[in-house]
Amino acid sequence: MTPNLQLKQERERRGWSQAQVATLLGTEASNIDSWESGLSAPPPYLCVKLCLLFERSARDLGFLPASIETPELALAEEPRQEPAVERAAVLKEELFEPALGARIIASLSYLFLWGSALLVFFAGRANRFICFHSLQSFFFFAGATLWYILYICIMFYTPSTILHLLALLISVLVSISSIAVWLIGIVQALRGRYTCVPLIGRLSLKVANKLSVK
């Protein structure tokens, strides 16, 4: 079979790996490679998911030959274009956005800082969305806790005034950041968003991709 260059180009244009696309579709990365190589074609339900994911038609993704389109079909479909786009948006939301239960559980990982994050991780790490938010909450707030322990040690066991002022300034920044991450984390988790904290967020996403199964 002929390699499916359209599908590969759409994926690479977005900077996605085969593994990332496979995770979103709930399939294996080897299947993505097989479809792009032209060795096989996705089943209809995965074809629909691919079209919604890339926001392209089956023809644009190389699943249908361009020759089958006729002017009559194009004219017949034109008046229904806007409702079709609306239905596609709804279907895309249902397929790719986390369920309400997963959002609520993920938001709980921020509620009691790293303590609740640890509990949520062990309870729901099989879900990629829950795993991501619980890891991000744990990494950030555990790091903040370690800093506060270090801050206390600096204040009590070092005589340097400059070091005390520097530690105090860092503690204020950590406190402000902690409040922001706590609020934004809860809100974005409830909205079903993968909002990454700088540095920690990307690490959490990588670990979640390896640990989760859906």
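Numbering (numbering that gives the first Met the number 0), first residue to last: 0 to 213. Glycine is no exception: its CB is placed at the ideal position from the N, C-alpha and C atoms.
My understanding is that Ile175 touches Leu162, with C-beta atoms under 8 angstroms, so please give their C-beta distance in whole angstroms.
Going by Cβ atoms, the distance from Ile175 to Leu162 rounds to 21 angstroms, so no, they are not a contact pair.
Among Arg201, Arg192 and Leu202, which one has its Cα closest to the Cα of Leu99?
Measuring from the Cα of Leu99, the nearest candidate turns out to be Arg192.
In terms of residue numbering, what span does the alpha helix (DSSP H) encompassing Leu112 cover?
Segment Leu112 to Gly123, the alpha helix (DSSP H) holding Leu112.
From which residue to which residue does the alpha helix (DSSP H) around Ala98 run?
Looking at the DSSP string, Ala98 is not in any alpha helix (DSSP H), and its letter there is neither H nor E.
Over what stretch of residues does the alpha helix (DSSP H) that includes Phe62 continue unbroken?
Looking at the DSSP string, Phe62 is not in any alpha helix (DSSP H), and its letter there is neither H nor E.
Apply the 10 Å Cβ neighbour rule to Gln135 and answer buried if 16 or more other Cβ atoms are within range, or exposed otherwise.
So Gln135 counts as buried.
In chain order, what residues of the same chain lie with their CB nearer than 6 angstroms to the CB of Asp32, ignoring the 5 residues before and after it?
Correct list, in chain order: Gln17.
Ala141 and Trp113: beta carbons closer than 9 angstroms?
Taking 9 angstroms as the Cβ cut-off, Ala141 and Trp113 qualify as a contacting pair.
So, for Asn3: in the same chain, excluding its five sequence neighbours on each side, which residues have a beta-carbon less than 7 angstroms away from its beta-carbon?
Trp34, Glu35, Gly37 and Gly61.
What residue range is occupied by the uninterrupted alpha helix (DSSP H) comprising Arg201?
It spans Ile199 to Leu210 - the alpha helix (DSSP H) in which Arg201 sits, taken as one unbroken run.
Buried or exposed, going by whether 16 or more other CB atoms sit within 10 Å of the CB of Leu107?
Leu107 should be labelled buried.
Of the choices Glu96, Tyr147, Tyr109 and Leu118, whose alpha-carbon is the least far from that of Leu168?
Of the candidates Glu96, Tyr147, Tyr109 and Leu118, the one whose C-alpha sits nearest the C-alpha of Leu168 is Tyr147.
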